[in-house]
Structure formats: structure tokens, C-alpha cells
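S.K.: Okay, here's the structure, questions in a sec.
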Amino acid sequence: AQSVTQPDIHITVSEGASLELRCNYSYGATPYLFWYVQSPGQGLQLLLKYFSGDTLVQGIKGFEAEFKRSQSSFNLRKPSVHWSDAAEYFCALNNNAGNMLTFGGGTRLMVKP
Amino acid sequence: DAGVIQSPRHEVTEMGQEVTLRCKPISGHDYLFWYRQTMMRGLELLIYFNNNVPIDDSGMPEDRFSAKMPNASFSTLKIQPSEPRDSAVYFCASSSRRGVNTEAFFGQGTRLTVV
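Line by line, the protein sequences give chains W and P. Convert by adding 1 to the 1-based position in the first sequence; the result is the number in this note's numbering. Convert by adding 66 to the 1-based position in the second sequence; the result is the number in this note's numbering.
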């Protein structure tokens, strides 16, 4: 069975500080991995995705993520956080068999001024 | 394209009433998903369709829940009778298997409150 774990339920960072959100997955083959962001009262917006190739992927809004097979991780990073980045972030895995996503529990990011 | 369109955005109903949530996927997408989001359980996949055919409904919580996709541009999720524990945000998403673009696009969600 596949699963996605986001160990941090809440994270608070100061504006301008760097950010890393953790994501670990469990899957027997190479997964398709995604990071989505959800602002309050909104749907989920795709930040970036990893299918194959370069393990460091760039996304929108200055985010990037690195796929590390040896650690079964796909951590999301941003060098300098903006107040508008406050939201909930979801890591997800697609096993490409049924094209369905398995989501982690989410990490709520708060940004201090 | 306008994206995935869900209606209504908000629904408040009394316990025991029938509730129908609607979704219009992105044109040309052949997968459609219904998710439920709650504080306690996070994002759960309820059911998904491929080419209008239900493929996996193992996430549907009870027989009170049913979903249909009569054509490629419309799907419904029905709860009958509704209960307070059904209160949640319900998301519809669609995706395409063509090429390698398997990302799912989400609607804005329907916030359901059952009182």
C-alpha cells in the first residue's frame, strides 16, 4: 500500500526566513510526487511535480522540491518566505496505476511579520 | 478553460435531507475524482471515474453516499439522508492520462454543513 507522511502539522517561520516542509512516502516503485497549496477557503493549487529526470524540481511562487529516493522523501523548500505563503501545504503521490492521488495530512504554515 | 467548476460553493441542510453536489470537469479530462476534507481525516478520496465509469468507490463511507457521471462533462455526489457527520468540504478534481501530465486540477470545493 502507498502512503504519504508529512511529519509537521504546523510550522511557523518569520517572513524572509527559509522554509523546508518535509514529506516522506511509502511506495514500491518510483512514484509521481506533487506538492499542492491550499489557501483558506480555496481549492488546491499545484506548486510543482516530479515524474522523472532531474531530482530537483522548480515550481511556482519560488518553491522547489528535491526527490531523494534513498530517503523516500520529497521535501519542499523556499529560500525566503513571504507573508502570502501562509497556507496549508499538501504532499501527494500518484502511483500512475489508477491515476489517483494519495495525500499527506498537510502542513499548516504560518508566517510571522 | 474555466477549470473544474463545483456547485454550490456552500450548502447548509438539515439532517435527513438529500444533498446533491455537482461538478463540471475540465474539458478533455478523462479522470474525475471526488475528495472529502475534514479536520479529523484530512483529504480522503471517495470515488473516481475513468471515461465516465466508476473505477474505485472503496472510499465512499456508506450506502448513503452515491456518485454518478452521466457524461464526460458532469458528475454528481449525492448524500441521502444527510447526517451532521457528513459536514465537510467536498472537492472535485479532474485529470488526463494523455502524455505525462497526470496532475489533478481541483475545483474550489463545496462546503457542506448538516445541522
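Every residue gets a Cβ at the ideal spot worked out from N, C-alpha and C, and that includes glycine.
#1: If contact means a Cβ-Cβ distance below 9 angstroms, which residues of the segment 168-181 of chain P contact chain W?
#2: From W:Val112, W:Phe91, W:Phe64 and W:Leu110, pick the residue whose C-alpha is nearest to that of cysteine 24 (chain W); which is it?
#3: Are any of the Cβ atoms in chain P nearer than 9 angstroms to that of tyrosine 28 (chain W)?
#4: Nearest chain W C-beta to aspartate 122 (chain P) closer than 9 angstroms, yes or no?
#5: Who are the near neighbours of phenylalanine 64 (chain W) in its chain, counting only those whose CB is closer than 8 angstroms to its CB and skipping five residues on each side?
#6: Give the single residue among W:Ser74, W:Leu102, W:Gln7 and W:Val112 whose Cα lies nearest to the Cα of phenylalanine 182 (chain P).
#7: Going by DSSP, what residue range makes up the beta strand (DSSP E) through proline 136 (chain P)?
#8: Is leucine 102 (chain W) a contact residue of the ligand GDP, with contact defined as CB to any heavy atom under 8 angstroms?
#9: At a CB distance below 7 angstroms, what residues from the segment 142-161 of chain P approach chain W? Give them in sequence order.
#10: Fully enclosed by the segment 66-99 of chain W, which beta strand (DSSP E) runs are 3 residues long or longer?
#11: By the criterion of Cβ-Cβ separation under 8 angstroms, what are the contact partners of lysine 50 (chain W) in chain P?
#12: Is it buried or exposed, glutamate 169 (chain P), if we count other Cβ atoms within 10 angstroms and call 16 or more buried?
#13: Since arginine 75 (chain P) contacts threonine 142 (chain P) with CB under 8 angstroms, what's their CB separation in whole angstroms?
#14: Under a CB-based cut-off of 9 angstroms, is leucine 45 (chain W) close to chain P?
#15: Going along the chain, which residues of its own chain have a beta-carbon closer than 6 angstroms to the beta-carbon of histidine 11 (chain W), five neighbours each way excluded?
M.R.: Working from what's here:
#1: Answer in chain order: Thr168, Glu169, Ala170, Phe171, Phe172, Gly173, Gln174, Gly175 and Arg177.
#2: Residue mapping note: residue 24 (chain W) aligns to position 23 of the first sequence, counting from 1. When the alpha-carbon of cysteine 24 (chain W) is set against those of W:Val112, W:Phe91, W:Phe64 and W:Leu110, the nearest one is in W:Phe91.
#3: The count along the first sequence starts at 1 and reaches residue 28 (chain W) at position 27. Not one chain P Cβ lies under 9 angstroms of tyrosine 28 (chain W).
#4: Numbered from its first residue, the second sequence carries residue 122 (chain P) at position 56. For aspartate 122 (chain P), at least one C-beta of chain W is nearer than 9 angstroms to its own C-beta.
#5: Position 63 of the first sequence, counted from the first residue, corresponds to residue 64 (chain W). Correct list, in chain order: Trp36, Leu48, Leu49, Leu77, Arg78 and Lys79.
#6: The question about residue 182 (chain P) has no answer, for chain P in this structure spans 67 to 181.
#7: As a working mapping, residue 136 (chain P) is identified with position 70 in the second sequence. The continuous beta strand (DSSP E) containing proline 136 (chain P) extends over residues 131-137.
#8: With respect to the ligand GDP, the structure offers nothing, as it holds no ligand at all.
#9: Within the segment 142-161 of chain P, the residues whose Cβ lies closer than 7 angstroms to any Cβ of chain W are, in chain order, Phe157 and Ser161.
#10: 74-79 and 88-95, all fully within the segment 66-99 of chain W.
#11: The sequence position of residue 50 (chain W) within the first sequence is 49, counting from 1. Counting only Cβ-Cβ distances below 8 angstroms, lysine 50 (chain W) has contacts in chain P at Glu169, in chain order.
#12: Residue numbering aside, residue 169 (chain P) sits at position 103 when the second sequence is read from its first letter. Glutamate 169 (chain P) comes out buried.
#13: Position 9 of the second sequence holds residue 75 (chain P). Position 76 of the second sequence holds residue 142 (chain P). Between threonine 142 (chain P) and arginine 75 (chain P) the Cβ distance is about 16 angstroms, and since that is not below 8 angstroms, they are no contact.
#14: Taking the first sequence and counting its residues from 1, the one referred to as residue 45 (chain W) is at position 44. Answer yes: the Cβ-Cβ gap between leucine 45 (chain W) and chain P drops below 9 angstroms somewhere.
#15: Residue mapping note: residue 11 (chain W) aligns to position 10 of the first sequence, counting from 1. Within the same chain, Arg109 come within 6 angstroms of histidine 11 (chain W) by CB-CB distance, once the 5 residues on both sides are set aside.
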